[in-house]
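Residue numbers (numbering that gives the first Met the number 0), protein chains in the order written: chain A, 0 to 504; chain B, 0 to 98; chain C, 0 to 672. All C-beta atoms in this analysis are idealised placements derived from N, C-alpha and C, irrespective of residue type, glycine included. Please read all numbers here as calculations on a predicted model, not as lab measurements. First the structure, in the form of structure tokens, and then the observations on it.
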Amino acid sequence: MTPKAPIIDWAGLSPLVALLGGAVIVLLVGLLRPRFVREVIVPLLALATFATAAGLGIWQWGEQISLISGALRLDQLAIALMWIICATGAAAVLLSWRAVAPREAAHGEYYALLLTSAAGMLVLVAAQNLVTLFAGLELLSIPLYVLCATEMRRETSLESGLKYLIIGSVGSATFVYGLAFLYGATGSTDFAGIDRALNSSSLVSDPLLLTGIALSVVGLGFKASIAPFHQWTPDVYEGAPTPITAFMAVATKAAAFGAFLRLFDGALLNAQADWGPALAALAAITIVVGNVGALGQTSLKRLMAWSSVAQAGYLLAGVVVATKLGLQATVFYLAVYLFMNIAAFAVIIIRERQTPLGDDIAAFAGLGTTAPLPAAVMTVAMLSLAGIPATAGFIGKFYVIEAAIDGNYAWLGIVIVIGSMLSLAYYLRVVAAMWMLEAPEAPVSTVTGRPALAGGDLDAPAPGAGIEVYAVAAVFGVATLFFGIVPSPLFDLAVKVGSSLTSLF
Amino acid sequence: MNIGWYLAVSTLIFSIGAAGVLTRRNPLVILLCLELMLNAANVALIAFARMHGNGEGQIFAIVVMVVAACEVCIGLGVVVALYRRRLPIDVDELRELQG
Amino acid sequence: MSATTAAWLVLACPLAGTVVNALGFRVLRGRAPGWIGTLAIAAAFAFAVVAFFALQSRGPEQRQLVSSLWDYASIKQTTGVDARLSILVDPLSVLMILVVTGVSMLIHLYSVAYMGGDRGYTRFFAYLNFFVFSMLLLVLAGNFFLLIVGWAFVGAASYLLISFWYRRTTATRAGIKAFVVNVVGDAGLVLGTFFIFRHSGTLDFLGTFHGVGRDFASHQGALTAGLILLLVGAFAKSAQVPLHTWLPDAMEGPTPVSALIHAATMVTAGVYLIARMHPLFEHAPAAADVGAIVGCLTLLIAGTIGLVVTDLKRVIAYSTMSQIGYMVMAVSAGAYVAGLFHLMTHAFFKALLFMAAGSLIGAMAGEQSLDRMSGFKRAMPFTFGCFVVGGLSLAGVPPFSGFFSKDEILFIVGHQGGWHWILYAAGYVGALLTAVYTWRMIFRAFYGPPCPEAAELEAGHLHHAEVHRNPATGEEEDTDVGFPGPEHHIAEREPSMKVAMGILAVLASVGGFLQVPGVTNALDHFLEPTFADSRFNQSPSDPGLVTAGLVLGAVLGLLGIAIAYVVWVRRPGTSARLQQRFAFLHRLFVNKWYFDELNEILVVRPFMWIGRFGQQTFERVFVNGALVGGTTGLVKATSAAVRAAQNGFLRAYAALLMLGLVGVGFYFLLQAA
């Protein structure tokens, strides 16, 4: 008897193949000697790879098919999240163009790792099986551990890498342990099989299953920075190279919430009575912890990290309700989150490269008069994160609150509003610093490649904030504003995505 | 033999690993403890696979092993980088990032 | 081009003008901003005309078009929050955009010269364009959502323009007053919308109207309450008693602003609102009656005050109030077409009067008191001519436009019989008052011996004041920033002012022929599709009443002019004697029926007292102490705790993770038990 290989739908698999193939090509081309090839061709190839994957996504849009014997599923949810991931990846490539990190880690490796991580995210959001879910999670995490530590001469970069690795591995171990229990309780690693098992038996109060759910909540919660599993977030975000921070903040979150949606709103939907209240409580804790943690931060990367914790709480509300509206709201919010976060990080990078103050809020004092355009982008991003009307963030938050109330979690909606109120305190502080403080006199112009404290060599040329960083800031800032005024294209997208998890209504 | 025994062993291994992560300060030892935690999952997976009589758990266990190897690789790489920078190989000393 | 496309372009033009002027204030030189603003409005007018023809080319049944640009926040189709950006193009809104853009265009043209010497020239046109945009948004809105947006924008634009000369304390105070009263109205509008939305379940106008019989069958009270709240909004915008006190003060703004906002367009928003909501008002006659009575009261009260005010612009302002009283009365009593007809003719002649007044004030170098003016007839023949045309029209002398529109209102109101006869009679009393105060103003300013300024002008030199004084308080003013500056412009010397006034004079003269009883009924015909569902749609035919009304109106108009002539030209002392004789009435009128004082006692003082209590006691003890102190303390403590946990120790992080794991695990295992 010859074993029958599973039928592989290469067309459906093509985005993933493109990302992984691109990673290999980038890695190999990065070995070539000429500086031009390494510093220009390699990032361009990475960009092209992201563009190809996104384009293949457009080609496959509308399909709802299982790939590789039900290991992965290609549907609108997977493709929409892949677009978010690819957009973030492309932005990260542009933001890294003149950064220190790729020079230090060799361009080929750096961009290849970025692409691999994105491929892992794609696997994660398309996973239909516990094995692929875990494999995707690790494929996204392991390259990120390395990327965090790429600025090898900077102590904090190494520290963040090691912290992320160790805490991340604890999270992964917990997660896989939880998955093992889920498998044990249901006898299947397949999501459809789990769903069937939960449907047909009184399994929903089985201790084995519940332990499994608890452990996987922790594992995924860790990736999505849900409190109290969030503590790595501020440290890692601050220590990692800023383009990587931006990538982690957005893409990892999108991937983790994709996995949340697949696992909880898909496979475990029938046990919603078990996990719903727990996740809701975690969401509330996350919102509070994230917002109060951000108060009084002076490092903007840290502030953005805490803010991302809080945003994770808002997003989780969309998962908790387990309705179609919740799914749509989550996807919508993730898209909005992409625009406003990347815009903010692009401006942070601009300032980081222009002043010796790094990402400290002091670097933003008086930016409104010295550089009105980045300041305007930052203002839009901050207001959007705070959820002020006429920005995309407002609509996103509105959608999530609507979903929470519609799903009988009105109190969670109230917590979201309270969290937003708290968040104004720190977002507006940044805005105030830009427009109301005086610019520091005589800006110190001797910015070197690396902070001298960390032993950087002072001769290295300062990486300027090139046109590409400004372009990223402008594009994503404008998108934040545009979708705040004309949200219907994103609405339509979210509604289409809403049809991908068929068991929700 | 009852599945409970296997689970007890696996839980024990997981707890030992977790305790090690919490108490040890040397990143190398912490990485070893992480291996323990992952292998606890492997024990559980194999046991469940036997219980259900299907191969899915075994495949899962192999994937977990691969992942565990990767994680250790990365961990060792970071430790070497730390060593090269003449930084202390002690996680308690790494607290530049806080607040 | 379809009617809706044209309507969107009507909206887009002034917005573009605003943006160009607002962003280009450093670049634009000379009178360029004025011409940009004027062109933007002219383009809007052109598109309004296109929309008109496109609409007329459709069958009468298909003249209600709704067009949406995009959904703003229609998340769930089922909850029905259809906050779409949609406009409603029908004969009513097209009439309004024609009037608004047409009159605005002329006023912009006038302002190009009139505001010529002002430091804030660009700012002025940016504001003025913004105002026109807001007003068009208001009249084109296809649902309550956009209506509220336009309503609030108009209030904001009005505030900006009233306090345009922000160094003038009286102007800023007037701006604040207008804004506060308008916000009272906004609150009414929003609350009224809630009342209606609660039962109708839709914000869309047409949806609400179609479902009114079904949705409110058992909620009559809610509908009436909602409509009365809407009326509060309408009264505040249209300066009806008792929310009228801001309008006379609003005359602190530049004269073109008075002409545009406080005569021709914004103050008619309330009239438009009532007309737009007519299907609702017809289901709640009680609310409609409130509107009619308030309109009638306003027209009388404003008319009496107009008799004694000495500030030139304020006379016209009170006259505006009074005329809008007619319109509100008309649309509330079912005389929709007549009310809108009067709205249109009033826009012509009142804008004309304001422009002419502006010219006169220019000649007086900023002075506005009638006591100081006299004998300008020979010095300013063109301005005088405009005043006469406007005055005849306002007084309702045939064949000028005001005559036909006012008589049509009173005819239809009277035709309803019953207690409407009181309104009818009051309307004619008001007409007499109108004629008297209008011509009092004209006779005092243009007849008699020339005042020094007039004499100077006759000698060929335009008077310039050495120091600028606030016409209201006599304070010396800072002309360096945001103030008209030393230059003044009068119609006699500025072609663009002359053209604008000339066109309006023609319109004020012939505008009435659209609706001559028994001869033409162009407006009736045009507006038919909007009001087809109304039970007042069949215009009554009662030739006897019509003729009687026309004769009575003409006689009263001429009588008023004659009285004014006798009192202020023929026997100049009569006015003083009358003042002594009726000292009580005179005091009442001069003090504007004590409405400001009444507001002060009934509203302002209690609110101030509550405010002071709130500030000094409640806020200090409860809000600052318990609420704010408690909350911030809590937040600070939580923040400190969270950040203390973030101590950088990797093992502590792992420990918390484990702790969380144990917690979550316990929760789930408790579920199992």
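How many angstroms separate the CA atom of residue i from the CA atom of residue j?
i: residue 142/C; j: residue 560/C; result: 45 angstroms
i: residue 562/C; j: residue 571/C; result: 12 angstroms
i: residue 335/A; j: residue 224/C; result: 41 angstroms
i: residue 553/C; j: residue 240/C; result: 28 angstroms
i: residue 490/C; j: residue 425/A; result: 56 angstroms
i: residue 383/A; j: residue 306/A; result: 12 angstroms
i: residue 31/B; j: residue 24/B; result: 12 angstroms
i: residue 446/A; j: residue 375/A; result: Residue placement at residue 446/A is flagged as unreliable, the pLDDT there being 48, under the threshold of 50; the coordinate-derived value follows with that caveat. If I take the Cα positions, the gap works out to 24 angstroms.
i: residue 286/A; j: residue 221/A; result: 15 angstroms
i: residue 1/A; j: residue 58/B; result: 20 angstroms
i: residue 281/C; j: residue 196/C; result: 17 angstroms
i: residue 642/C; j: residue 230/A; result: 10 angstroms
i: residue 7/C; j: residue 91/C; result: 16 angstroms
i: residue 274/C; j: residue 266/C; result: 14 angstroms
i: residue 89/B; j: residue 160/A; result: 14 angstroms
i: residue 469/C; j: residue 313/C; result: 15 angstroms
i: residue 617/C; j: residue 595/C; result: 29 angstroms
Name the chain A residues that come within less than 8 angstroms of residue i, Cβ to Cβ?
i: residue 531/C; result: None at all; the shortest Cβ gap to chain A is about 33 angstroms.
i: residue 11/C; result: Ordered by position in chain A, no residue passes the 8 angstroms Cβ test against residue 11/C, which lies about 15 angstroms from the chain.
i: residue 19/B; result: None at all; the shortest Cβ gap to chain A is about 11 angstroms.
i: residue 33/B; result: 165, 168, 169, 172
i: residue 670/C; result: 204, 209, 273
Does the Cβ of residue i have 16 or more other Cβ atoms within 10 Å, making it buried, or fewer, making it exposed?
i: residue 706/C; result: This structure gives no information on residue 706/C, because the portion of chain C shown stretches from 0 to 672.
i: residue 4/B; result: exposed
i: residue 261/A; result: buried
i: residue 180/A; result: buried
i: residue 292/A; result: buried
i: residue 107/C; result: buried
i: residue 330/C; result: buried
i: residue 400/A; result: buried
i: residue 272/A; result: exposed
i: residue 619/C; result: exposed
Just to make sure I have the definition right: I need the residues of chain B whose C-beta is within less than 7 angstroms of the C-beta of residue i. Which are they?
i: residue 145/A; result: 73
In chain B, which residues lie with their C-beta within 9 angstroms of the C-beta of residue i?
i: residue 378/A; result: Neighbours of residue 378/A on chain B: none; closest Cβ ~25 angstroms, over 9 angstroms.
List the residues of chain A that residue i touches, going by C-beta distances under 7 angstroms, in chain order.
i: residue 29/B; result: 165
i: residue 155/C; result: Within 7 angstroms Cβ-Cβ: nothing; residue 155/C doesn't reach chain A, min ~15 angstroms.
i: residue 96/B; result: 155, 158, 159, 234, 237, 238
Please check the pair residue i and residue j, which I expect to be a contact at CB under 8 angstroms, by giving their CB distance rounded to whole angstroms.
i: residue 201/A; j: residue 670/C; result: Not quite, the Cβ-Cβ distance comes to about 13 angstroms (not below 8 angstroms), so this is no contact.
i: residue 400/C; j: residue 507/C; result: 5 angstroms
i: residue 402/A; j: residue 325/A; result: 4 angstroms
i: residue 357/C; j: residue 113/C; result: 6 angstroms
i: residue 502/C; j: residue 105/C; result: 6 angstroms
i: residue 391/A; j: residue 483/A; result: 4 angstroms
List, in order along the chain, the chain B residues whose C-beta lies closer than 8 angstroms to that of residue i?
i: residue 527/A; result: Only positions 0 to 504 of chain A appear in this structure, which leaves residue 527/A out of reach.
List, in order along the chain, the chain C residues whose C-beta lies closer than 8 angstroms to that of residue i?
i: residue 91/B; result: 648, 649, 650
Listed from N- to C-terminal order along the chain, which residues in the region 627-641 of chain C have their beta-carbon within a distance smaller than 7 angstroms of any beta-carbon of chain A?
634, 637, 638, 641
Closer than 7 angstroms, Cβ to any Cβ of chain B: which residues of the region 646-667 of chain C, in chain order?
646, 647, 648, 649, 650, 653, 654, 657
With 7 angstroms as the C-beta to C-beta threshold (strictly closer), list the residues of the region 76-87 of chain B near chain A in chain order.
77, 80, 81, 84, 86
The region 150-164 of chain A: which residues have C-beta closer than 8 angstroms to a C-beta of chain B, in chain order?
151, 152, 154, 155, 157, 158, 159, 160, 161, 162, 164
Using a beta-carbon distance cut-off of less than 8 angstroms, what residues from the region 110-135 of chain A approach chain B?
129, 130, 133, 134
Taking any Cβ of chain B, which residues in the region 170-203 of chain A have a Cβ under 8 angstroms from it, in chain order?
171, 172, 173, 175, 176, 178, 179, 180, 182, 183, 186, 187, 188, 189
Short-range partners of chain C found in the region 35-66 of chain B, where Cβ spacing is below 7 angstroms
none
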